[in-house]
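Numbering (the working numbering), first residue to last: 38 to 608.
Here is the structure we will look at, set down as structure tokens.
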């Protein structure tokens, strides 16, 4: 869990030797009159335009490629080199063909390669694992996202500029059409804080800040981040929560704010997507309005979501929708409406009058808009209030009764070990928590046996939930009124705390399990005289207990085979 989007920082074809335009996305540049290189294709000679080191797109490419390299080498991105190259190649080939056909030049496809690289930076196909360097798993989704994004740049244009950010548009289409079973955005959480992650964050931050300043879109980045951080804070304060495959239980409260607002993915979104000069508004006042609109809409949409997948997609959708309204923003907030003091909201300042400052009325308008936005975000978050926590696991009536104290003999609780996979998720289990978990498991198994012996389903509900509780209740019902009852007891000799994840659902929330071994004893006794055992058999035991914390204790939800495919093994 690693970046949230991409970059199309400029869309023009630079002429050979040309420097960067103040607005790199302003439109295609004219090819040089006497290009230094050309090539003949099919009887026609095409000028060849090579990369320009001063092009801002080379700045963006350096940052994005650096993140991709770090992701492959030290961060463990679940994307293959083949998938990355296929994504970049699809966009590059399409742009080479389109530019050669329409402009008569063979130009280095800088923007297209950024589109493809940005798609590969975010898009993940469930089942691809780090280290599958040349896997082509889900290749069609990488081709589709890159191809749709690149073609949208030429097919959907307003004022000779692409209306949508190409990589963002392609990703939104793929995510919404195919869903999380086939295509998933990179996780928000990139793992525990460590030197490799610190270096990655520094690369993104330094590269992004210098680029935003260089292309004069620093105000867009700052406005978006400030408004978005405030909007997510409103959701966090209101109790909004989501489920994520890298976190045990709901991500809520300030953990939700922290991981969302400070995620490296959000930093990439801030510095290399909403600040795309080709699709951001050009008027000075329209730019912060555009950035704030994306932030507020993203926070409102996030308030309706219950999963990390839907939350991340809602951010991308917000940018797509606001980009679609960009022509209106540029018309409503055109520069000529705000110069020379022709309005009540801002006034020119400085010797040349090019800088603007808000008036008291302007400040008041911003304050009212902020309050209205906060209210809308809060109401959106209330729609899912409490729903996420109750949907983590359906415990039914389990845990409702008073759990009895169990006096366990010495040596009954084995010393647990913790699987290395638990270090790769947020909210890792400590050794002390593992000991408490295993003690609850042993005590719960003893309570289960006592509940069956007594025929007390309410007692069973203090130790088990889900399928495990249903099995116990069925056993109790089947033995009701019987002269003898069959009771199963466990003597655990080892316990290894692991992470369990459903291999069928890539967005499933991880749960805790205990791989246990020892002996299992099945005995038949008279309910009136439990000591009078008529039949007893003991055999070796190994299995995986699925456990979940309910209230103050861990309850058993299921007993799985020792070789269950749901088990996630640590590296």
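Cβ atoms here follow ideal geometry from the backbone N, Cα and C, with glycine treated the same way.
On the CB-based measure, 16 or more other CB atoms within 10 Å of its CB, does residue 574 come out buried or exposed? Exposed.
Got a sec? Which residues, its chain only, sit under 7 angstroms from residue 590 by beta carbon, not counting five neighbours each side? Hits under 7 angstroms: 440, 477.
N-terminal and C-terminal residue of the alpha helix (DSSP H) that residue 352 is part of: For residue 352, the enclosing alpha helix (DSSP H) stretches over residues 345–361.
In terms of residues, what are the limits of the alpha helix (DSSP H) holding residue 468? First-last of the alpha helix (DSSP H) with residue 468: 468–491.
Between the Cα of residue 92 and the Cα atoms of 457, 252, 560, 410, which residue gives the shortest distance? Residue 252 is the option with its Cα nearest to residue 92.
Going by beta carbon distance, what residues of the same chain come within less than 8 angstroms of residue 117, once the five residues before and after it are set aside? For residue 117, where only same-chain residues beyond five positions count, the Cβ hits under 8 angstroms are 165, 169, 170, 171, 172, 173, 174.
Taking the CB atoms as reference points, tell me whether residue 182 and residue 216 lie closer together than 8 angstroms. Taking C-beta atoms as the reference points, residue 182 and residue 216 fail to come closer than 8 angstroms.
Could you say which of 356, 89, 109, 122 lies nearest to residue 154 if we only look at CA atoms? Residue 122 is the option with its Cα nearest to residue 154.
Who pairs with residue 587 in a beta bridge, going by DSSP? According to DSSP, residue 587 bridges with 590.
Output needed for residue 335: all residues of its chain with C-beta closer than 6 angstroms, excluding positions within five of it in sequence on either side, in chain order. Counting only Cβ-Cβ distances below 6 angstroms, and skipping sequence neighbours, we find 352, 355.
Helix or strand or just coil, what does DSSP make of residue 94? Reduced to three states, the DSSP call for residue 94 is helix.
Applying the 10 Å Cβ sphere with the 16-neighbour rule, what's the burial state of residue 225? Taking every protein chain shown into account, the CB of residue 225 has 16 or more other CB atoms within 10 angstroms, so this residue is buried.
Just the Cα atoms here: how many angstroms apart are residue 167 and residue 448? When only Cα atoms are considered, residue 167 and residue 448 end up about 41 angstroms apart.
Could you check the C-alpha separation between residue 521 and residue 559 for me, to the nearest Å? Between the C-alpha atoms of residue 521 and residue 559 there is a straight-line separation of about 13 angstroms.
Minimum C-alpha distance to residue 362 - residue among 194, 594, 96: Answer by Cα proximity: 194.
Residue 533, DSSP secondary structure in three states: Correct three-state label for residue 533: strand.
Residue 126: which of 112, 152, 301 sits nearest, CA to CA? Residue 126 has its Cα closest to that of 152, out of 112, 152, 301.
Looking at the unbroken alpha helix (DSSP H) that takes in residue 213, where does it start and where does it end? Boundaries of the alpha helix (DSSP H) harbouring residue 213: 203–215, taken from the DSSP string.
Starting from the C-beta of residue 133, find all residues in its chain whose C-beta is less than 8 angstroms away, skip the five residues before and the five after it, and write them out in chain order. Counting only residues of its own chain and dropping the five nearest sequence neighbours on each side, residue 133 has a CB closer than 8 angstroms to the CB of 143, 144, 146, 149.
So what's residue 393 in DSSP terms, helix, strand or just coil? Residue 393 falls in the strand class under three-state DSSP.
Would you kindly work out how many angstroms separate the C-alpha atoms of residue 375 and residue 322, rounded to a whole number? Rounded to whole angstroms, residue 375 to residue 322 spans 8 angstroms at the Cα level.
Which value, in whole angstroms, describes the spacing of the CA atoms of residue 82 and residue 129? About 20 angstroms.
Can you give me the C-alpha to C-alpha distance between residue 592 and residue 346, rounded to a whole angstrom? Cα-Cα distance, rounded: 28 angstroms.
Going straight from the alpha carbon of residue 488 to that of residue 453, what length do you get? Going from the Cα of residue 488 to the Cα of residue 453 covers about 26 angstroms.
Within 10 angstroms of its Cβ, does residue 542 collect 16 or more other Cβ (buried), or is it exposed? Residue burial is scored here from C-beta neighbours: residue 542 has fewer than 16 other C-beta atoms within 10 angstroms and is therefore classed as exposed.
Taking the DSSP output, what are the residues bridged to residue 539? Residue pairing by DSSP leaves residue 539 without any beta bridge partner.
Quick one, are the C-beta atoms of residue 338 and residue 237 less than 8 angstroms apart? In this structure, the beta-carbon distance from residue 338 to residue 237 does not fall below 8 angstroms.
Through-space distance from residue 227 to residue 367, alpha-carbon basis: Going by the C-alpha atoms only, they are around 37 angstroms apart.
Residue 499 by DSSP, collapsed to three states: which one? Looking at residue 499 - three-state DSSP - the assignment turns out to be coil, as it is neither helix nor strand.
I'd like the list of long-range same chain contacts for residue 330, defined as Cβ closer than 8 angstroms, with 5 residues on each side in sequence excluded. For residue 330, where only same-chain residues beyond five positions count, the Cβ hits under 8 angstroms are 359, 362, 366.
Please state if the CB of residue 370 and the CB of residue 326 are separated by a distance shorter than 8 angstroms. Their beta carbons are under 8 angstroms apart, which means residue 326 touches residue 370 by this criterion.
Express the C-alpha separation of residue 119 and residue 104 in angstroms, rounding to a whole number. When rounded, the distance between both Cα atoms is 16 angstroms.
Comparing alpha-carbon positions, which option in 411, 407, 414, 381 lies nearest residue 398? Looking from the CA of residue 398, the closest CA among 411, 407, 414, 381 belongs to 381.
Go ahead and pull the three-state DSSP assignment for residue 325. The answer is helix: DSSP assigns residue 325 an H, G or I state.
Where residue 311 sits in the DSSP three-state scheme: Secondary structure at residue 311: coil, using DSSP grouped into helix, strand and coil.
Residue 364: which of 475, 316, 401 sits nearest, CA to CA? Looking at 475, 316, 401, the one whose alpha-carbon comes closest to that of residue 364 is 316.
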